[in-house]
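Participant: Starting off with a structure, shown below.
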Amino acid sequence: MNFYTFHIGDYISNTHYLDLYEDLAYRRMMDLYYQKEEPLPNDIEKIAKMIRMREHIEAVESILNEFFILDGGVWRHTRCDAELAKIYEKSEKARASANARHSRNKPKQKPTEIPQEIPVTDDSADDLRTQCERSANGMLPITQYPIREIEIPHAPDFNSEPDLPDGGMSQKQVMDFLQAQGVDVMHDGFLPSHPDLQAACATGVTASVLQFAWDTVLSKGKQRNGGYFFSVLAGKAVDAAAEQANPPTPQRQGRGNDMAAQDADLLTRNGVDPDKALTFAQVRASKRAGLLTQAQIDFWKLEGKVGTLDMGLPEIVNRCLEKGWARFEAGFELGDKAVEQVKQAEADKARVVKQIKADVESRGETKPVRSGRPPNKLSDTLKQAQQANAEAAHEMR
């Protein structure tokens, strides 16, 4: 076909959001569709090559998914098929009209005469028939392919939809939801016959699934992209059906009484008080620390002897209970002991200073004592010697 009617208003209203390459791909794909008068092959790379856009396969794939329908191994376009059907119907009517006029212009035979075959050399009749066919064909687009019938995909009959899963929504309910959201379903690619919509409804579309899909397209700014919405809807419907068929096992809060009892028994066999062993096992269970092993207990025993530590397993368990720990590490304890040692040194220092002050006051001395140090008699003697040397040097001058 070398000519087809192009509706500018319809095209702009449906494609105003496409970028440069998507718009170019769509126009060239429609030209190819009308030129070949047949659906596009199910080969994206081949289509991109045929429309000279091999470097923009993403744009070609996006247009196919949004505006075309994969049907029987080929990509169909509802509007193109409808326009071709109109052309073929008009051509058949014109051809039938030409044939009728040709029949009316045949010479009538008298009843008494024996019917005779009209000679082929009747130039007037042939000329009239040729002229009628030429007039009929003149009303049609020029096409290089023979006229043939094509199957046009029709909109689904909502009254004959297949059985839906329990609690599932029908295609009509989905379309009603979209219209309630202000979607122009006729111009935004929200076709009721979209295969993803049919697959989603067959799988099971609930209100939550539908709302999730709509919120997703809103968050991405694609609320006018019907192909993308139906793709999200179908994917979410599959996920929801899988979760319903195989519900996730709820996580246990803690590790369970059986595992806590095993930990407590193991600690008790290693010399820990049973009550404290059970309490510590419950602390570990609340923190999901995992099942306690003999190897871990042996390692704790080794850590209890690191550095200045001298702790057995009972002391380790007591320390963990005091701190709320689920496990023991020597580094934690050494850090705490270092802090305790500093505090103890400060307390000893304060006690010595206090004792020195009490001794000075008991002897009746009023000379203040520097905080933290007792009087240094050697230092006072050195100072007196230095002063005497200075006085002697002055007298010699």
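If you count by the numbering used here, then the sequence shown holds residues 1 to 397, one letter each, in order.
Glycine residues also receive a C-beta, built at the ideal position from the N, C-alpha and C atoms.
Compute the distance between the beta-carbons of residue 272 and residue 313, then report whether it is under 9 Å.
Facilitator: Counting from 1 along the sequence shown, the entry for residue 272 is found at position 272. Counting from 1 along the sequence shown, the entry for residue 313 is found at position 313. Yes, Cβ-Cβ distance for residue 272 and residue 313 is below 9 Å.
Participant: Looking at the structure shown, is residue 51 part of a helix, part of a strand, or coil, going by DSSP?
Facilitator: Taking the sequence shown and counting its residues from 1, the one referred to as residue 51 is at position 51. Looking at residue 51 - three-state DSSP - the assignment turns out to be coil, as it is neither helix nor strand.
Participant: In the DSSP assignment, find the unbroken beta strand (DSSP E) run with residue 185 in it and report its ends.
Facilitator: Mapped onto the sequence shown, residue 185 falls at position 185. No beta strand (DSSP E) holds residue 185; DSSP gives it neither H nor E.
Participant: Residue range of the alpha helix (DSSP H) that residue 319 falls in?
Facilitator: Along the sequence shown, one-based indexing puts residue 319 at 319. Per DSSP, residue 319 belongs to the alpha helix (DSSP H) from 313-323.
Participant: Here's the rule I'm using: 16 or more other beta-carbon atoms within 10 Å means buried, otherwise exposed. How should residue 305 be labelled?
Facilitator: By 1-based counting over the sequence shown, the position of residue 305 is 305. Exposed.
Participant: Could you tell me the alpha carbon to alpha carbon distance between residue 316 and residue 296, rounded to whole angstroms?
Facilitator: As a position in the sequence shown, residue 316 is number 316, starting the count at 1. As a position in the sequence shown, residue 296 is number 296, starting the count at 1. Taking the straight line joining both Cα atoms gives about 13 Å.
Participant: Indicate whether residue 263 and residue 281 have their beta-carbon atoms separated by less than 9 Å.
Facilitator: The residue you call residue 263 lines up with position 263 of the sequence shown. The residue you call residue 281 lines up with position 281 of the sequence shown. A contact, by the Cβ cut-off of 9 Å.
Participant: For residue 229, count neighbouring C-beta atoms within 10 Å of its own C-beta (all shown protein chains included) and say buried if the count is 16 or more, exposed if not.
Facilitator: Locating residue 229 in the sequence shown gives position 229, counting from the first residue. When all chains shown are included, residue 229 counts as buried.
Participant: Give the DSSP-derived three-state secondary structure of residue 269 in the structure shown.
Facilitator: Sequence index remark: in the sequence shown, residue 269 carries index 269 (1-based). It is helical.
Participant: For residue 48, which residues in the same chain have their Cβ closer than 6 Å to its Cβ, ignoring the five residues on either side in sequence?
Facilitator: On the sequence shown, position 48 is the one that residue 48 refers to. Counting only Cβ-Cβ distances below 6 Å, and skipping sequence neighbours, we find 54, 57, 60.
Participant: Do you know how far the Cα of residue 185 is from the Cα of residue 203?
Facilitator: Within the sequence shown, numbered from 1, the residue matching residue 203 stands at position 203. Within the sequence shown, numbered from 1, the residue matching residue 185 stands at position 185. Taking the straight line joining both Cα atoms gives about 22 Å.
Participant: Tell me the DSSP secondary structure of residue 40 in three-state form.
Facilitator: Mapped onto the sequence shown, residue 40 falls at position 40. Residue 40: strand per DSSP, three-state reduction.
Participant: Could you tell me whether the Cβ atoms of residue 213 and residue 236 are closer together than 9 Å?
Facilitator: Start at 1 with the first residue of the sequence shown, and residue 213 comes out as number 213. Start at 1 with the first residue of the sequence shown, and residue 236 comes out as number 236. Closer than 9 Å, so yes.
Participant: Give the list of continuous beta strand (DSSP E) stretches no shorter than 3 residues that lie fully inside the stretch 66-106.
Facilitator: Here the runs fully enclosed are 69-71, 74-76.
Participant: Measuring straight from C-alpha to C-alpha, what distance separates residue 265 and residue 328?
Facilitator: The count along the sequence shown starts at 1 and reaches residue 265 at position 265. The count along the sequence shown starts at 1 and reaches residue 328 at position 328. The straight-line gap from Cα to Cα measures roughly 18 Å.
Participant: For residue 87, count neighbouring Cβ atoms within 10 angstroms of its own Cβ and tell me buried if that reaches 16, exposed if not.
Facilitator: Position 87 of the sequence shown holds residue 87. By the 10 Å Cβ count, residue 87 comes out buried.
Participant: With DSSP run on the structure shown, which of helix, strand or coil describes residue 224?
Facilitator: Here residue 224 refers to the residue found at position 224 of the sequence shown. Coil at residue 224, not helix or strand.
Participant: Can you tell me the Cα-Cα spacing of residue 318 and residue 276, whole angstroms?
Facilitator: Your numbering for residue 318 matches position 318 in the sequence shown. Your numbering for residue 276 matches position 276 in the sequence shown. When rounded, the distance between both Cα atoms is 8 Å.
Participant: Is it right to say residue 17 is buried, meaning 16 or more other beta carbons lie within 10 angstroms of its own, or is it exposed?
Facilitator: If you number the sequence shown from 1, residue 17 lands on position 17. With fewer than 16 other Cβ atoms within 10 Å, it is exposed.
Participant: In chain order, what residues of the same chain lie with their CB nearer than 6 Å to the CB of residue 387, ignoring the 5 residues before and after it?
Facilitator: Locating residue 387 in the sequence shown gives position 387, counting from the first residue. Cβ within range, chain order: n/a, list empty.
Participant: Using CA coordinates, which residue listed in 20, 22, 27, 21 is at the minimum distance from residue 7?
Facilitator: For this step, residue 7 is matched to residue 7 along the sequence shown. It is 27.
Participant: Are there 16 or more other CB atoms within 10 angstroms of the CB of residue 233, so buried, or fewer, so exposed?
Facilitator: As a first step, residue 233 must be located in the sequence shown, where it is residue number 233. Classification for residue 233: buried.
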